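Q: Handing you this structure, nothing more for now.
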Amino acid sequence: MGMLQATEKMGFSAKGVRGNVAALQEINYPAIAHVQLKTGLLHFVVLYRVAKGKVHYMDPADGCMHVEELQSFSEKWTGVLILLMPHADFQAGDLTVSIWQRFRYLLRPHRPVLFQALIGAILYTVLGLASSLYVQKLVDTVFVGGNVGLLNILSVAMLLILLFQMGIGFLKNLFVFKVGQKIDARLILAITNMFCACRKAFLILCVWVKSYPESMMPLRFDFLLMTRLSAWLLTFVSSFFSFALMLIFLLEASTYHASNYSHLQRALLYNERLKQEDGA
Numbered sequence: 001m002g003m004l005q006a007t008e009k010m011g012f013s014a015k016g017v018r019g020n021v022a023a024l025q026e027i028n029y030p031a032i033a034h035v036q037l038k039t040g041l042l043h044f045v046v047l048y049r050v051a052k053g054k055v056h057y058m059d060p061a062d063g064c065m066h067v068e069e070l071q072s073f074s075e076k077w078t079g080v081l082i083l084l085m086p087h088a089d090f091q092a093g094d095l096t097v098s099i100w101q102r103f104r105y106l107l108r109p110h111r112p113v114l115f116q117a118l119i120g121a122i123l124y125t126v127l128g129l130a131s132s133l134y135v136q137k138l139v140d141t142v143f144v145g146g147n148v149g150l151l152n153i154l155s156v157a158m159l160l161i162l163l164f165q166m167g168i169g170f171l172k173n174l175f176v177f178k179v180g181q182k183i184d185a186r187l188i189l190a191i192t193n194m195f196c197a198c199r200k201a202f203l204i205l206c207v208w209v210k211s212y213p214e215s216m217m218p219l220r221f222d223f224l225l226m227t228r229l230s231a232w233l234l235t236f237v238s239s240f241f242s243f244a245l246m247l248i249f250l251l252e253a254s255t256y257h258a259s260n261y262s263h264l265q266r267a268l269l270y271n272e273r274l275k276q277e278d279g280a
């Protein structure tokens with residue numbers, strides 16, 4: 001019943017029938033075949049073609065096309081088919097949701113927090129440039145003139161900037177961690193709801209876990225991987241914008257210094273020309 005409702009929502013008129021092996025070569029494709037796996041579980045596959053004693057079908061379990069002998073396929077086929085017929089208003093299209101769309105869907109409710117984390121990353125990067133300015137002032141001004149008062153002022157200011165930078169970095173990481181936790185909770189809740197919606201699959205999962213506790217290790221690893229991956233992705237986004245801002249700043253600074261150097265060269269050439277004219 002669930003498969004029939006799903007096909008109706010996709011714009012198809014579906015009908016469940018029962019037939020024999022010969023009927024597989026007479027139906028309209030694509031069609032959905034009901035099969036029983038070697039493990040005893042019931043499953044659905046999508047038939048695309050039956051020709052020359054071979055069955056071409058797509059298995060949703062791995063999303064790949066398979067070619068199997070008709071005799072071998074008939075042994076696991078239960079004889080049940082779901083025939084599909086598009087409605088008059090059916091429009092063909094690609095309903096595949098890309099990974100980027102899924103990721104954006106997960107981040108959409110957390111945009112305010114992510115924006116704050118992004119602002120924190122930008123401020124963290126800008127404050128990181130203060131160390132370069134500090135060293136420049138020491139070399140160009142303090143050490144040359146021996147100004148101890150200015151050295152104390154710059155050192156205290158630099159210390160405050162470092163403390164402020166550490167605080168911003170802590171808050172940024174805290175925001176990213178909280179968003180990662182919420183995304184993980186949302187993913188795990190969606191998986192739990194999926195199992196609860198299909199009671200039979202949920203009971204089979206419980207029996208499977210009770211019989212084979214070690215089989216839960218891949219599932220736990222997947223949850224841990226989702227936690228790490230979401231945190232890495234969020235950190236990568238904030239770091240990318242910070243790096244882009246720093247690169248823009250360096251390019252602007254390079255252009256500014258190149259322009260000053262060009263003006264300085266022109267001034268030196270002009271002074272040299274004036275000296276030559278005065279000597280003549």
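Under full-length UniProt numbering, read the sequence shown as residues 1 to 280, first letter to last. Heads up, the beta-carbon is just placed ideally off N, CA and C, and yes, glycines get one too. Just so it is clear, the structure is predicted and the values come from calculations on it, not from any experiment.
1) Assign residue 270 to buried or exposed, taking buried as 16 or more other Cβ atoms, counted over all protein chains shown, within 10 Å of its Cβ.
2) Note down, in chain order, each residue of its chain lying with its Cβ closer than 8 angstroms to the Cβ of residue 168, except the 5 sequence neighbours on either side.
3) Could you tell me which uninterrupted beta strand (DSSP E) segments, each at least 3 residues in length, are contained entirely in the stretch 49 to 121, listed from first to last along the chain?
4) Can you grab the Cα-Cα spacing for the pair residue 163 / residue 170, in whole Å?
5) If we count Cβ pairs, one from each stretch, closer than 8 angstroms, do we get three or more for the stretch 67 to 81 versus the stretch 43 to 57?
6) By the 10 Å Cβ neighbour count, where 16 or more other Cβ atoms means buried, how is residue 77 classified, buried or exposed?
7) Could you please give the first and the last residue of the uninterrupted beta strand (DSSP E) stretch that includes residue 14?
8) What does the alpha-carbon distance come out to for the pair residue 183 and residue 105?
9) I believe residue 14 touches residue 82 by the beta-carbon criterion, under 8 angstroms. Please report the beta-carbon distance rounded to the nearest angstrom.
10) Kindly indicate the opening and closing residues of the beta strand (DSSP E) around residue 35.
11) DSSP beta-bridge partners for residue 42?
A: Considering the structure as presented:
1) exposed
2) 120, 123, 124, 127
3) As far as the stretch 49 to 121 is concerned, its whole beta strand (DSSP E) runs of at least 3 residues are 54 to 59, 64 to 69, 77 to 86.
4) Rounded to the nearest angstrom, the two C-alpha atoms are 11 angstroms apart.
5) yes
6) buried
7) 12 to 18
8) 10 angstroms
9) 5 angstroms
10) 31 to 36
11) 36
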